[in-house]
Amino acid sequence: MTIMHPENNVAIFTPSEFTELLRSIKKTINKERLEVLLYTGCRYSEIVDIHKKQNRLVGKTIKVENTKAYKTSKYRYVQLNDPGVRAVDYYLRSKKSLPAQTTWNENLQRWCKDAGIDPTGVSSKSTRKTWESWLAVSYPHQIERIFLSQGHNQLVALKYYLSFPFSDKNKEDMKFYVGGW
Numbered sequence: 004m005t006i007m008h009p010e011n012n013v014a015i016f017t018p019s020e021f022t023e024l025l026r027s028i029k030k031t032i033n034k035e036r037l038e039v040l041l042y043t044g045c046r047y048s049e050i051v052d053i054h055k056k057q058n059r060l061v062g063k064t065i066k067v068e069n070t071k072a073y074k075t076s077k078y079r080y081v082q083l084n085d086p087g088v089r090a091v092d093y094y095l096r097s098k099k100s101l102p103a104q105t106t107w108n109e110n111l112q113r114w115c116k117d118a119g120i121d122p123t124g125v126s127s128k129s130t131r132k133t134w135e136s137w138l139a140v141s142y143p144h145q146i147e148r149i150f151l152s153q154g155h156n157q158l159v160a161l162k163y164y165l166s167f168p169f170s171d172k173n174k175e176d177m178k179f180y181v182g183g184w
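Residue numbers (the numbering used here): 4 to 184.
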């Protein structure tokens, strides 16, 4: 089942699709890169940037330079759960950052096909959209914290991220990934 973000037709993964996608990736470094993109919900360029500035992980948050429209301060603080802290730590210890975004998108498309997932709409934006939608569905009472962590305003969060057609099974399976956020 492919869920598309209504604003820009970016594919959003279900938990089972994400699990299968991870399983289809052969290189550990690429699994770790995919996980850091998911667990942070950061933009691709932001993850590239934090690799260059190694002192960004502070406890269970990462300090990300605000570069987009909803900029209210120079930085925002992205909240992490324990798997997110692990993913960021592994990524920061890696000698190499992410590849060019076009290369990453091509890899995602190939890995999706290998995993039996429809690659339509899958791109580097998919992990960010997936994470925010999982958080919004799992923690609707914390929507303000979610949108601040993601760098969105409340209108965007409410307009797009609370209405996705996830099944009850999807919602239950999300707990594995979002637990402790």
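Where is the CB? At the ideal position from N, CA and C, for every residue including glycine.
### Message
Distance check for L138 and Y42, CA to CA, integer angstroms please.
### Response
Mapped onto the sequence shown, residue 42 falls at position 39. Mapped onto the sequence shown, residue 138 falls at position 135. Y42 and L138 have their C-alpha atoms spaced approximately 10 Å apart.
### Query
Straight-line CA distance for K128 to S170?
Here residue 128 refers to the residue found at position 125 of the sequence shown. Here residue 170 refers to the residue found at position 167 of the sequence shown. Roughly 22 Å separates the two Cα atoms.
### Query
Considering only residues of the stretch 4-50, which uninterrupted beta strand (DSSP E) runs meet the minimum length of 3 residues and lie entirely inside it, listed in chain order?
DSSP runs (the beta strand (DSSP E)) wholly in the stretch 4-50: none.
### Task
Check the DSSP bridge columns for R79 and list the partner residues they point to.
Taking the sequence shown and counting its residues from 1, one reaches residue 79 at position 76. Answer is V67.
### Task
Work out the CA separation of G154 and E147 for me, nearest whole Å.
Looking up residue 147 in the sequence shown gives position 144. Looking up residue 154 in the sequence shown gives position 151. G154 has its alpha-carbon roughly 10 Å from the corresponding atom of E147.
#### Entry: Local Cβ density within 10 Å of A90, reported as buried at 16 or more and exposed below that
Position 87 of the sequence shown, counted from the first residue, corresponds to residue 90. It is buried - the Cβ of A90 has at least 16 other Cβ atoms within 10 Å.
#### Entry: Secondary structure of V61, DSSP reduced to three states
Residue mapping note: residue 61 aligns to position 58 of the sequence shown, counting from 1. Note: V61 maps to strand in three-state DSSP.
### Query
Quick check: the stretch 32-47 against the stretch 84-104, are there 3 or more CB pairs under 8 Å?
Three or more Cβ pairs closer than 8 Å define a contact, and the stretch 32-47 meets that threshold against the stretch 84-104.
### Task
Can you tell me which of the three DSSP states A90 falls into?
To locate residue 90, count along the sequence shown from 1; it is residue 87. Three-state DSSP puts A90 in a helix.
### Query
Looking at C-beta atoms only, is the number of pairs between the stretch 75-94 and the stretch 112-120 that lie closer than 8 Å three or more?
A contact is defined here as three or more CB-CB pairs under 8 Å, and the stretch 75-94 fails this definition with respect to the stretch 112-120.
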